[in-house]
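In our numbering, the protein residues as written are 3 to 178.
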Amino acid sequence: MTKDHIGEILIPEKIILQRVLELGQQISNDYRDREVIIVCVLKGAVVFLADLLRCLEISASLDFVQISSYGDSTKSSGKLDFIQNLTVDIFDREVLVVDDILDSGLTLYYLIDILKAKRPVSIRLCVLLSKVKNRDIDINADYVGFWIPDKFVIGYGLDYAGKYRGLRYIATLEIS
Ligand code: PRP
3 MTKDHIGEIL IPEKIILQRV LELGQQISND YRDREVIIVC VLKGAVVFLA DLLRCLEISA
63 SLDFVQISSY GDSTKSSGKL DFIQNLTVDI FDREVLVVDD ILDSGLTLYY LIDILKAKRP
123 VSIRLCVLLS KVKNRDIDIN ADYVGFWIPD KFVIGYGLDY AGKYRGLRYI ATLEIS
């Protein structure tokens with residue numbers, strides 16, 4: 003039987019919080035005097051969102067989506083199921099999507115496609131982590147906290163089988 007455990011610490015708490023503060027300042031400058039709707043992608047992004055939100059100096063309201071996607075990087079169906087859909091109308095609004103990680107890119111690519119169809123004024127993407135890898139799909143985040151190697155990571159919202167979301171740092175997962 004295999005056992006999972008915390009591996010190498012990739013990003014310590016202090017470094018995460020410093021970077022989140024910088025992202026908050028950058029976003030605040032970019033959206034100065036504009037009202038933004040933050041769309042947080044459940045569940046992994048909630049820890050990042052909670053810290054980021056408190057670093058923003060702009061008027062921001064919140065909404066949440068939770069999605070399950072089908073397909074993988076080699077075979078994309080493009081199908082997303084909303085477990086939780088938007089509760090506000092984003093037509094004619096400025097939208098900032100916040101998620102924890104850009105991996106294959108499929109989830110966020112299709113989410114943004116769906117959101118664009120609702121005709122917001124603008125739509126930008128902010129992720130805490132982006133994996134350095136060749137993506138089959140053309141997606142880039144406007145704000146990236148950290149570029150990380152293509153390893154399975156846990157902590158600061160990210161889970162493995164529902165565990166480890168409460169870690170204050172980002173670490174690799176080890177299975178033995
Ligand atoms: C993660 C993450 C992104 C997606 C990224 O969510 O929050 O939404 O996967 O993967 P992709 O770029 O390969 O599509 P996950 O499905 O793990 O759900 P969770 O946030 O509820 O843990």
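All C-beta atoms, glycine included, are put in the ideal place defined by N, C-alpha and C.
Review point. Where do the N-terminal and C-terminal ends of the beta strand (DSSP E) with residue 173 fall, by residue?
Key: Judged by DSSP secondary structure, residue 173 falls within the beta strand (DSSP E) whose first and last residues are 172-177.
Review point. Looking at the structure shown, is residue 2 part of a helix, part of a strand, or coil, going by DSSP?
Key: As shown, the chain starts at 3 and ends at 178. That puts residue 2 outside it, with no answer to give.
Practice item. May I have the straight-line CA-CA distance separating residue 157 from residue 7, to the nearest angstrom? Key: In this structure, the straight-line span from the alpha carbon of residue 157 to that of residue 7 is close to 12 angstroms.
Review point. Given 8 angstroms as the limit, is there contact between the stretch 83-97 and the stretch 47-61, that is, 3 or more CB pairs closer than that?
Key: With the cut-off at 8 angstroms, the stretch 83-97 and the stretch 47-61 do not touch.
**Study point:** The alpha helix (DSSP H) enclosing residue 1, as first and last residue numbers
**Key:** The structure shown has nothing for residue 1, since the chain only spans 3 to 178.
Practice item. Can you give me the start and stop residues for the beta strand (DSSP E) that residue 133 sits inside? Key: Judged by DSSP secondary structure, residue 133 falls within the beta strand (DSSP E) whose first and last residues are 124-133.
Practice item. Below 8 angstroms on the Cβ atoms is my guess for residue 43 versus residue 113; work out the distance and round it to an integer in Å. Key: Yes, they are in contact, since the Cβ atoms of residue 43 and residue 113 sit about 7 angstroms apart, within 8 angstroms.
Check your understanding: Ordered along the chain, which non-local residues of its own chain (more than five positions away) have a Cβ less than 6 angstroms from that of residue 221?
Key -> With the chain represented from 3 up to 178, any question about residue 221 goes unanswered, as that position is not in the structure.
Review point. Around the C-beta of residue 134, are 16 or more other C-beta atoms found within 10 angstroms, so that it is buried, or is it exposed?
Key: Residue 134 is exposed by the Cβ-count criterion.
Point to revise | Distance between residue 141 and residue 75 (C-alpha atoms, nearest Å) | key: With a pLDDT of 41 at residue 75, under the threshold of 50, the modelled position of that residue is not reliable, and no figure is offered here.
Point to revise | Enclosing alpha helix (DSSP H) for residue 148 [first to last residue] | key: Membership of residue 148 in any alpha helix (DSSP H) is not indicated; the residue belongs instead to the beta strand (DSSP E) covering 145-150.
Check your understanding: For residue 70, does the count of other Cβ atoms within 10 angstroms reach 16, so buried, or fall short, so exposed?
Key -> That one is exposed.
Exercise for review: Note down, in chain order, each residue of its chain lying with its Cβ closer than 7 angstroms to the Cβ of residue 85, except the 5 sequence neighbours on either side.
Suggested key: Closer than 7 angstroms at the Cβ level, and outside the excluded window around residue 85, lie 68, 69 and 70.
Check your understanding: In the DSSP assignment, what residue or residues form a beta bridge with residue 165?
Key -> According to DSSP, residue 165 bridges with 162.
Review point. Taking the alpha carbon of residue 154 as the point to measure from, which residue in 115, 106 and 30 has its own alpha carbon closest?
Key: Taking only the C-alpha atoms, the option nearest residue 154 is 106.
Review point. Any idea if residue 50 is buried or exposed, counting beta-carbon neighbours within 10 angstroms, 16 or more meaning buried?
Key: Within 10 angstroms of the beta-carbon of residue 50 lie 16 or more other beta-carbons, which makes it buried.
Exercise for review: Give me whichever residues DSSP pairs with residue 157 in a beta bridge.
Suggested key: Residue 157 is bridged to 160.
Review point. DSSP three-state call for residue 26: helix, strand or coil?
Key: Residue 26 falls in the helix class under three-state DSSP.
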